[in-house]
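Peer 1:
2 protein chains.
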Amino acid sequence: MALRTAGDCVGYLDDAGRYAFEGQALTDIEACSFDRRRFDAVAADNPDLAAALSGALSSALSQLGEAMLVVGKLRSTERVAHFFAEMASLHRQVNPERGPLLLHMNRSEIADYLGLTVETVSRSIGKLKKRSVIGLIESDEVIVLDDAMLREIGKVSGEPRSSAVG
Amino acid sequence: MALRTAGDCVGYLDDAGRYAFEGQALTDIEACSFDRRRFDAVAADNPDLAAALSGALSSALSQLGEAMLVVGKLRSTERVAHFFAEMASLHRQVNPERGPLLLHMNRSEIADYLGLTVETVSRSIGKLKKRSVIGLIESDEVIVLDDAMLREIGKVSGEPRSSAVG
DNA sequence: CGGGCGATTGAAAGACTTCAATGGGTGTGG
DNA sequence: CCACACCCATTGAAGTCTTTCAATCGCCCG
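Protein chains in written order, with my numbering: chain A, 138 to 303; chain B, 138 to 303.
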């Protein structure tokens, strides 16, 4: 339900206080995990760490809130545009040099992430391509041709549901 | 994007570390707010409080995750059923005695909460009523006639999208 | 009684899904 | 080395669901 990149924390404590996490790595990764008891002990002595943890949780919360709005209020092509914009943002964050955006996800995974079907995703990508907002090198290698337009299309606005941005 | 009831915490810290919250009270409420600096100081000395705060955040996170699935994978009538089930659950939690469920929301607010239109919500409620899953006293006073069925209809399952529960 | 607001209902249009078929790439076995 | 099977992406057509546009109904209030 959310995308993470290098340096991010994952997981949370469920209602029973147990660590909960489900995820899938899109690339090779390195990850650290900590013993809960010892981590809490350290956190108790380091207000900064506790604050950072709380910050991570808050950040995840606002990210999920954003995703809710995307899924609840955006049409298929708009959702796909938002997804690409999000991906591009993460990509820049880790990989400053300009280069094609590697999705590391096939259509089926994208569809699942956006609550759509494979076919709709494919058609939406087609529209974005035809409008020259993006370009495709491979089916999972994207070039953002018009970042401003991409963000505009994928933007969540308060209006009902008809911002068919030309 | 989420429903809260008596005793719940609201709000979180945004990326800049500032308190962020938007909400709407459906009934008269009493609320407490705390000075951030002093609260943090107290939390630093009370690991239990810090843990409770972290728990509240985690709980909000899992609640939002659930909502994501509802909005992303359920059809209109299923979403409405889920909403009623959720409402009924909160209602029981605060108000154990059997009684009609007061929504405190009009159709427009429900529609917004579920990412649907007023008309669709109205039609979905009509279907639930016709199937004798719920009954209406007033437009915002509901009686749950078949709680099991309500939960079944509003359940998020892994299957694609065609569990037209008879 | 008329006006206004919320809810419901109907009809048509629009969007997405589902079913079905095709094309491109890759990997395997003959 | 090539043929074939397979997976993924794309495209087409039909079907289903939701939205949009409109009209009606009931209720409360002035």
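Don't be surprised by glycine CBs; every beta carbon is placed ideally from N, CA and C.
So, with DSSP's three-state summary, where would you put glutamate 167(B)?
Peer 2: In this structure, glutamate 167(B) counts as coil in the three-state DSSP scheme.
Peer 1: Once you ignore the five residues that flank tyrosine 149(B) on each side, which residues in its own chain have a CB closer than 8 Å to its CB?
Peer 2: These residues qualify, in order along the chain: Tyr156, Ala157, Phe158, Leu194, Ala197.
Peer 1: Quick one: what's alanine 157(B) bridged to in DSSP?
Peer 2: In the DSSP output, where bridge partners are listed per residue, alanine 157(B) has Tyr149(B).
Peer 1: Could you check whether the Cβ of valine 147(A) sits closer than 8 Å to any Cβ belonging to chain B?
Peer 2: For valine 147(A), the answer is no, since every Cβ of chain B falls outside 8 Å of its Cβ.
Peer 1: Say whether chain B places a C-beta atom closer than 8 Å to the C-beta of alanine 153(A).
Peer 2: Answer no: the Cβ-Cβ gap between alanine 153(A) and chain B never drops below 8 Å.
Peer 1: With the cut-off set at 8 Å, would you say isoleucine 262(A) and leucine 287(A) are in Cβ contact?
Peer 2: Cβ distance not < 8 Å, so isoleucine 262(A) and leucine 287(A) don't count as in contact.
Peer 1: Where does leucine 206(A) fall in DSSP's three states?
Peer 2: Here leucine 206(A) sits in helix by DSSP.
Peer 1: Please report the straight-line C-alpha distance between serine 300(B) and glycine 252(A), rounded to a whole angstrom.
Peer 2: Low confidence applies to serine 300(B): its pLDDT is 47, below 50, so where it sits in the model is not reliable enough to give any reading.
Peer 1: With a threshold of 8 Å between beta-carbons, can lysine 210(B) be considered close to chain A, or not?
Peer 2: Judged by the 8 Å Cβ criterion, lysine 210(B) is in contact with chain A.
Peer 1: Please classify glutamate 234(A): is it buried, with 16 or more other beta-carbons within 10 angstroms of its beta-carbon, or exposed?
Peer 2: Exposed is the call here.
Peer 1: Strictly by DSSP, which residues pair up with glycine 272(A)?
Peer 2: The partner list for glycine 272(A) (beta bridge, DSSP) reads Ile280(A).
Peer 1: In chain B, which residues lie with their C-beta within 8 Å of the C-beta of serine 199(A)?
Peer 2: Ordered by position in chain B, the residues that pass the 8 Å Cβ test against serine 199(A) are Tyr149, Asp151, Asp152, Ala157.
Peer 1: Who pairs with leucine 239(A) in a beta bridge, going by DSSP?
Peer 2: According to DSSP, which records beta bridges pairwise, leucine 239(A) is partnered with Glu278(A).
Peer 1: Check the Cβ of methionine 138(B) against every Cβ in chain A and list those closer than 9 Å, keeping chain order.
Peer 2: Going along chain A in sequence order, the residues near methionine 138(B) (Cβ under 9 Å) are Leu201, Gly202, Met205, Leu206, Gly209.
Peer 1: Flag alanine 162(B) as yes if its beta-carbon sits less than 8 Å from any beta-carbon of chain A, otherwise no.
Peer 2: It does not: the Cβ of alanine 162(B) has no partner Cβ on chain A nearer than 8 Å.
Peer 1: Buried or exposed for histidine 228(B), please, with buried defined as at least 16 other CB atoms from any protein chain shown within 10 angstroms of its CB.
Peer 2: Buried, by the Cβ-count rule.
Peer 1: Check whether chain B comes within 8 Å of serine 213(A), counting only Cβ atoms and requiring the distance to be less than that.
Peer 2: No, because no Cβ of chain B sits closer than 8 Å to the Cβ of serine 213(A).
Peer 1: Which whole-angstrom value is the C-beta distance of aspartate 277(A) and methionine 242(A), which I expect to be below 8 Å?
Peer 2: At roughly 7 Å, the Cβ-Cβ gap stays under 8 Å, so aspartate 277(A) and methionine 242(A) are in contact.
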